[in-house]
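J.: Counting with mature numbering (1 follows the signal peptide of the UniProt record, and there is no 0), you get residues -23 to -1, 1 to 175 for the letters of the sequence shown.
Backbone N, C-alpha and C fix where the C-beta goes; we use that ideal spot for every residue, glycine too.
So that we are looking at the same thing, I have put the structure below in C-alpha cells.
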Amino acid sequence: MRSWIRRLWVLPLVLLVAACASGPQINTDYDQKADFASFRTFAFMDPLGTDRAGYTTLLTERLKTLTRLQMEQRGYSFDPQSPDLLINFLAQSRQQTEYVPPPPMPWGPNYYGYRMGWYDPWVGYGFGPDIIQYTQGVLSIDLIDARKKQLVWEGVATSVIDNLEQATSEQALAPVVADIFARYPFLAGSGVVNKTPQ
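Below is the structure:
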C-alpha cells in the first residue's frame, strides 16, 4: 500500500521530467540598445566554446552548419573577413537531482483510532523523500557585435538528455537550433522586430 501511494505521489515530477525530454525549454534575450540594422554579415568565433584544445569537434561542425543555415535564411551573409556579427556556442551537460518530499498523510498520525497516542508506528513506517536523477543539457548560441566585442543576443535551450550521443547528432540538434532561432527577432540590415522574443 505504501509503495503504491509513494509512486502516485512521485508521478507528477516524473511526468514533468518526461515532458522536458520531449522538447527543450527556450529562453532568449537581446540588447535593446544594439543597432541590429547595421548587422548584415556574420562569422564564427575562433576558437568556439564547443571546441577542444587545438581542434574542432564534431559538435562544433554540426552547430556551424545548422546556424549558418538559420542566419542565411534571415538574409545574413557569411563573411569571415569582415563580419558584423560573431557567433559562439556553449554546450554542457550536468547531472541534476530532484528531491520529492514525502506526501502528507491524509489520515493523520492516529489513523488507527485504537493507538490514541499510546505508541508510535514502527521505524520506517513513514514516507521518506524520493530522489530522481537525470542529465540536463544546455546549449547556448551567442551573437556578438564584432566591432564592439559585446554580446547583443543569446538563445539558450535546456532539456533533459536520455542519450548524450544521440543528443549531439545532427538530427537531434537541427530542431533545437531551429527552435532557438525561431525566437530571433531580426532580419539582416533591419532594426524592425520580426518576431517577439520569448
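Looking at the structure shown, is Ala68 part of a helix, part of a strand, or coil, going by DSSP?
T.: For the purposes of this step, residue 68 is identified with residue 91 of the sequence shown, where counting begins at 1. In this structure, Ala68 counts as strand in the three-state DSSP scheme.
J.: Measuring straight from C-alpha to C-alpha, what distance separates Val169 and Val137?
T.: Here the question's residue 169 lines up with position 192 in the sequence shown. Here the question's residue 137 lines up with position 160 in the sequence shown. Roughly 34 Å between the two C-alpha positions.
J.: Using the Cβ count rule (16 or more neighbours within 10 Å means buried), how would you classify Arg29?
T.: As a working note, residue 29 is residue 52 in the sequence shown. When all chains shown are included, Arg29 counts as exposed.
J.: So does the region 5 to 13 actually touch the region 32 to 51, counting three or more Cβ pairs closer than 8 Å?
T.: Touching, no.
J.: What did DSSP end up calling Val169 once you bin it into helix, strand or coil?
T.: Here residue 169 is taken as the residue at index 192 of the sequence shown, counted from 1. The answer is coil: DSSP assigns Val169 none of H, G, I, E or B.
J.: Tell me Tyr32's beta-bridge partners as DSSP assigns them.
T.: Counted from its first residue, the sequence shown places residue 32 at position 55. DSSP, once it has assigned bridges, lists Arg29 as partnering Tyr32.
J.: So, is Thr145 buried or exposed, given that buried needs 16 or more other C-beta atoms within 10 angstroms?
T.: As a position in the sequence shown, residue 145 is number 168, starting the count at 1. So Thr145 ends up on the buried side.
J.: By Cβ distance, which residues of its chain are closer than 6 Å to Thr18, with the 5 residues on each side in sequence left out?
T.: Position 41 of the sequence shown holds residue 18. Excluding positions up to five away in sequence, the list reads Ser54, Asp56, Pro60 and Asp61.
J.: What are the boundary residues of the alpha helix (DSSP H) that includes Gln58?
T.: As a first step, residue 58 must be located in the sequence shown, where it is residue number 81. Careful: Gln58 lies outside any alpha helix (DSSP H) and carries neither H nor E.
J.: Give me the DSSP bridge partner(s) of Ser54.
T.: Position 77 of the sequence shown, counting from 1, holds the residue named residue 54. DSSP, once it has assigned bridges, lists Thr18 as partnering Ser54.
J.: Closest by CA to Lys41, which one among Ala14, Asp119, Gln9 and Ala11?
T.: By one-based count along the sequence shown, residue 41 stands at place 64. It is Asp119.
J.: On the CB-based measure, 16 or more other CB atoms within 10 Å of its CB, does Gly31 come out buried or exposed?
T.: Looking up residue 31 in the sequence shown gives position 54. Answer is exposed; the Cβ neighbour count stays below 16.
J.: Under three-state DSSP, which class holds Asp8?
T.: Along the sequence shown, one-based indexing puts residue 8 at 31. The answer is coil: DSSP assigns Asp8 none of H, G, I, E or B.
J.: Just checking my contact of Ala165 with Leu43 at CB under 8 Å: how many whole Å lie between their CB atoms?
T.: On the sequence shown, position 188 is the one that residue 165 refers to. On the sequence shown, position 66 is the one that residue 43 refers to. Actually they are not in contact, since the Cβ atoms of Ala165 and Leu43 sit about 18 Å apart, beyond 8 Å.
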